[in-house]
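One structure below.
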Amino acid sequence: MEETAYTPADTLAAVEGRLAELAARLSAQVEALTEQDESRRRTLDTREDELRRRELTAQAHELLQQRGLPAALADCLAFADEDALRRGVDALEDAFRAAVQQGVEERLLTQDAPKSGAVKPLSEMTDEEYYAAVSRSN
Numbered sequence: 012m013e014e015t016a017y018t019p020a021d022t023l024a025a026v027e028g029r030l031a032e033l034a035a036r037l038s039a040q041v042e043a044l045t046e047q048d049e050s051r052r053r054t055l056d057t058r059e060d061e062l063r064r065r066e067l068t069a070q071a072h073e074l075l076q077q078r079g080l081p082a083a084l085a086d087c088l089a090f091a092d093e094d095a096l097r098r099g100v101d102a103l104e105d106a107f108r109a110a111v112q113q114g115v116e117e118r119l120l121t122q123d124a125p126k127s128g129a130v131k132p133l134s135e136m137t138d139e140e141y142y143a144a145v146s147r148s149n
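With my numbering applied, the sequence shown corresponds to residues 12 to 149, in that order.
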């Protein structure tokens with residue numbers, strides 16, 4: 012068997028080739044790990060956003076309930092952050108109350124005026140006045 016003699020240049024070239032292979036494999040592994048890390052980070056960010064949105068939604072329902080407003084109005088609010096939520100609830104409450112007040116005023120204007128003058132409390136009415144008032148309202 013004949014042995015091939017390697018020169019230092021051959022050995023250096025072989026080592027450099029092997030190092031290049033190892034560097035390429037390491038680079039590919041680093042890229043794969045970086046991609047996995049970014050994917051995990053995006054997943055965690057998505058979960059965190061969903062959790063924050065649920066917390067703010069619950070907070071909106073609670074605020075609306077405390078103020079005597081329908082919880083369904085929470086769908087009209089922006090949930091960017093807690094301050095935006097509070098400002099939205101304040102604006103929504105003002106608009107809702109103004110709309111209710113306007114509706115009440117319109118209803119009062121369209122109702123028939125009472126037929127008699129001042130209305131007496133029931134405790135001060137005689138039986139005849141009571142039955143006359145009841146029969147007029149029917």
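Note that beta-carbon positions come from the ideal geometry of N, C-alpha and C, so glycine has one too. All of these numbers come straight from a predicted model, not from anything done at the bench.
Membership of V115 in the alpha helix (DSSP H) is indicated by the continuous run 93 to 121.
Apart from sequence neighbours up to five positions away, the residues of its chain that approach L88 with a beta-carbon distance below 7 Å are A71, L96, G99, V100, L103, ordered along the chain. Counting only the Cα atoms, L67 lies some 8 Å from D92. Between F107 and L74, the gap from beta carbon to beta carbon reaches 8 Å or more.
Counting along the chain, no alpha helix (DSSP H) covers S134, and no H or E run does either. One Cα belongs to L44, the other to T54, and the distance between them is close to 15 Å. One Cα belongs to S50, the other to A34, and the distance between them is close to 24 Å. For R63, the secondary structure class from DSSP, reduced to helix, strand or coil, is helix. Under the three-state reduction of DSSP output, P81 falls in the coil class, being neither helix nor strand. Beyond the five residues adjoining it in sequence on each side, E42 comes within less than 6 Å, by CB distance, of no other residue in the same chain.
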